[in-house]
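Sequential numbering from 349 applies to the sequence shown in the numbering used here. We treat Cβ as the ideally placed atom computed from N, Cα and C, and that holds for glycine. Comments concern the structure below.
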Amino acid sequence: MKRKIKALICALALILPVVSLTACKGASDNTLVLRVANCEEYIDLGDWDEDEVISLPDEEDIFGEDSMISDFEEWYEDTYGIKVKVEYSTYGTNEELYNQMSLGNTFDLVCPSEYMIMKLMEEGRLEPYSQDFFDESDENNYYIKGVSPYIRDVFDSLEEGGESVRDYAAGYMWGTMGIVYEPTELSEEDVSHWSILLDKDHARRITMKDAVRDSYFVGLSILRARQSATGSPASDVKSEKELSDLLNDTSQETVDQVEEILSDMRLNAYSLETDSGKADMVSGKVIANMQWSGDAVYTMDQADEDDVRLCYSVPEECSNLWFDGWSMLKKGLSEDSGKKHAAQAFVNFISRPDNVIRNMYYIGYTSAISGGDDQRIFKYLEDCYGAEDGDESAEYDLSYFFGGDDAAGEYVLDADPDQLTRQLYAAYPTREVLSRCSVMKPFDPDANRRISQMWINVRCVDIFTKH
Numbered sequence: 349m350k351r352k353i354k355a356l357i358c359a360l361a362l363i364l365p366v367v368s369l370t371a372c373k374g375a376s377d378n379t380l381v382l383r384v385a386n387c388e389e390y391i392d393l394g395d396w397d398e399d400e401v402i403s404l405p406d407e408e409d410i411f412g413e414d415s416m417i418s419d420f421e422e423w424y425e426d427t428y429g430i431k432v433k434v435e436y437s438t439y440g441t442n443e444e445l446y447n448q449m450s451l452g453n454t455f456d457l458v459c460p461s462e463y464m465i466m467k468l469m470e471e472g473r474l475e476p477y478s479q480d481f482f483d484e485s486d487e488n489n490y491y492i493k494g495v496s497p498y499i500r501d502v503f504d505s506l507e508e509g510g511e512s513v514r515d516y517a518a519g520y521m522w523g524t525m526g527i528v529y530e531p532t533e534l535s536e537e538d539v540s541h542w543s544i545l546l547d548k549d550h551a552r553r554i555t556m557k558d559a560v561r562d563s564y565f566v567g568l569s570i571l572r573a574r575q576s577a578t579g580s581p582a583s584d585v586k587s588e589k590e591l592s593d594l595l596n597d598t599s600q601e602t603v604d605q606v607e608e609i610l611s612d613m614r615l616n617a618y619s620l621e622t623d624s625g626k627a628d629m630v631s632g633k634v635i636a637n638m639q640w641s642g643d644a645v646y647t648m649d650q651a652d653e654d655d656v657r658l659c660y661s662v663p664e665e666c667s668n669l670w671f672d673g674w675s676m677l678k679k680g681l682s683e684d685s686g687k688k689h690a691a692q693a694f695v696n697f698i699s700r701p702d703n704v705i706r707n708m709y710y711i712g713y714t715s716a717i718s719g720g721d722d723q724r725i726f727k728y729l730e731d732c733y734g735a736e737d738g739d740e741s742a743e744y745d746l747s748y749f750f751g752g753d754d755a756a757g758e759y760v761l762d763a764d765p766d767q768l769t770r771q772l773y774a775a776y777p778t779r780e781v782l783s784r785c786s787v788m789k790p791f792d793p794d795a796n797r798r799i800s801q802m803w804i805n806v807r808c809v810d811i812f813t814k815h
């Protein structure tokens with residue numbers, strides 16, 4: 349798995365002002381226009397090199413010659429007899445997407461993270477998926493036939509305003525928050541706690557995320573560990589709801605306490621970053637980096653190319669279970685059934701197992717799709733992380749993801765033992781890790797104000813300290 353550097357060049361083109369609907373219709377009055385917004389570098393843009401063909405046993409080769417966008421346009425016309433033009437644009441963060449919408453930009457289909465999906469649900473901005481979308485007898489409904497049983501259960505369990513997230517979002521990518529680390533400098537025990545990011549013995553050799561919600565979650569995890577009788581808040585609670593309540597607390601007292609922790613972390617950090625931490629790890633400038641699991645995979649892949657071995661840890665206290673999902677916007681669709689059909693078809697197309705593999709290979713993140721009866725995604729994991737014939741191997745049970753709770757032992761990967769702390773572990777966490785993870789919820793306006801001010805204070809703490 350790797351994210352292609354040349355994707356950045358393409359992404360720059362994608363963030364240019366969106367072509368107007370009128371201009372597109374001028375080319376063909378019969379062309380349906382679908383406006384899609386997604387995170388930067390978060391879909392296969394094609395133009396693979398010849399040696400990048402993915403060959404799996406007893407399967408057709410998988411290759412990204414053209415972009416996923418143009419392939420969808422062609423597939424939609426071939427399948428439904430309707431021409432579609434995708435106006436594809438990108439954004440950097442969930443907040444940037446929200447600001448674009450607030451400033452009047454109109455989209456039909458977007459891919460925000462869990463808390464933003466719930467915020468948009470709360471504000472009544474989202475269009476629910478049609479019942480036809482969940483019909484498993486339709487051969488083109490690749491999403492519902494292939495979504496991981498684990499992800500399906502997560503979506504079913506999350507509610508906002510008494511409505512299920514599953515009705516308003518289809519899973520795209522998912523993962524955890526953890527720590528990428530240099531194993532010759534830090535032991536597994538060292539990075540088994542978030543407090544390593546506060547350790548003054550490693551001052552200016554760690555990085556933290558310039559992302560308020562993710563860093564707040566980590567700071568709150570450290571606070572809860574300090575308050576815990578066992579040192580592990582996940583061990584103190586009796587249910588996922590209790591853990592969620594602990595890790596979504598935004599009271600003024602709690603925010604103030606987290607601010608102290610994050611301020612100390614900021615003073616201890618080499619940098620406050622969103623993207624540069626990957627290169628800093630590979631180059632050896634830092635030895636530990638607070639990181640999203642997908643970027644962790646990318647970082648370790650890049651380090652491998654330079655013969656540098658890095659590892660990944662999800663601290664024992666607790667962590668964030670995150671996901672991004674495709675949601676349709678009422679304002680964009682404007683009750684246009686044709687657009688809604690195309691938007692749902694887009695989600696189905698990129699959920700087709702071969703396209704799932706293309707996207708995972710290209711961007712380095714883990715899809716919410718397991719493939720259902722189609723075994724290609726599991727075969728792809730075997731190809732990426734399986735032990736070589738005759739070499740030592742370790743069993744890595746992924747039954748929870750590919751088969752569900754009733755399929756224990758049915759999807760066990762004979763993995764390279766080195767992968768138990770590396771890319772495989774980052775891409776597909778164990779069931780034990782997930783038992784101590786919680787989803788971030790949306791904040792109300794008062795909480796947003798408190799946390800925004802807290803973050804301003806944290807980001808400026810080094811300035812105030814120096815002066």
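Nearest-angstrom Cβ-Cβ length linking residue i and residue j, presumed shorter than 8 Å
i	j	result
W542	E665	6 Å
T647	V634	Not quite, the Cβ-Cβ distance comes to about 11 Å (not below 8 Å), so this is no contact.
N637	D628	7 Å
P531	R657	6 Å
A577	W674	Incorrect: roughly 42 Å between the Cβ atoms, too far for contact.
Y446	M464	7 Å
S741	A763	6 Å
I499	Y709	In fact, because the Cβ distance is near 20 Å, the residues do not count as touching under 8 Å.
S699	G494	6 Å
P460	D672	7 Å
S641	G519	Between G519 and S641 the Cβ distance is about 15 Å, and since that is not below 8 Å, they are no contact.
Cα-Cα separation, residue i to residue j
i	j	result
V760	E400	26 Å
C372	D456	Here the model assigns C372 a pLDDT of 39, short of 50, so the residue's position is not dependable and the matter cannot be decided.
M466	P790	6 Å
V809	T524	28 Å
N386	V458	6 Å
N342	A774	For residue 342 there is no data in the structure shown, the boundaries of the chain being 349 and 815.
R574	G752	34 Å
A701	Y744	Residue identity differs from the one stated: residue 701 is Pro in this sequence, not Ala. Their Cα atoms are separated by approximately 21 Å.
D684	S505	30 Å
R798	E408	53 Å
S661	A644	10 Å
T379	S715	30 Å
Y439	D737	43 Å
I725	W522	15 Å
L545	P765	27 Å
D604	L591	20 Å
L729	C659	18 Å
E413	P581	48 Å
V502	S783	12 Å
S599	S800	13 Å
S418	D392	11 Å
Residue i: first and last residue of the uninterrupted alpha helix (DSSP H) it sits in
i	result
G567	560-575
L445	442-450
S437	Segment 432-439 is the beta strand (DSSP E) holding S437; no alpha helix (DSSP H) there.
Backbone secondary structure at residue i - three-state DSSP
i	result
T427	helix
G412	coil
F791	coil
T778	coil
W803	helix
I391	coil
R473	coil
F671	strand
T602	helix
K727	helix
K586	coil
I798	Rather than Ile, the amino acid found at residue 798 in this sequence is Arg. In the structure shown, R798 sits in a helix (DSSP, three-state: H, G or I).
G526	strand
N386	strand
V401	coil
M380	The sequence shown places Leu at residue 380, rather than the Met named in the question. In the structure shown, L380 sits in a strand (DSSP, three-state: E or B).
E533	coil
S418	helix
D406	coil
Y624	Note that residue 624 is Ser in the sequence shown here, rather than Tyr. S624 falls in the helix class under three-state DSSP.
Beta strand (DSSP E) segment containing residue i, residue limits
i	result
K557	554-557
I544	Counting along the chain, I544 falls outside any beta strand (DSSP E), and DSSP gives it neither H nor E.
S783	Run containing S783: none; DSSP gives neither H nor E here.
L620	619-621
Give, in chain order, every unbroken run of the beta strand (DSSP E) that is at least 3 residues long and sits entirely within the stretch 627-664.
Those beta strand (DSSP E) runs which fall completely within the stretch 627-664 and span 3+ residues are 636-640, 659-661.
Completely contained alpha helix (DSSP H) runs for the stretch 734-773, where each covers 4 or more residues
Entirely contained in the stretch 734-773, the alpha helix (DSSP H) runs reaching 4 residues are, in chain order, 747-750.
Quick check on the DSSP output: what are the complete beta strand (DSSP E) runs of length 3 or more inside the stretch 449-524, in order along the chain?
You should have found no qualifying run.
Can you list, in chain order, the stretches of the beta strand (DSSP E) that have 3 or more residues and sit fully within the stretch 663-722?
Considered as a whole, the stretch 663-722 harbours 667-677 as its complete beta strand (DSSP E) runs of no fewer than 3 residues, in chain order.
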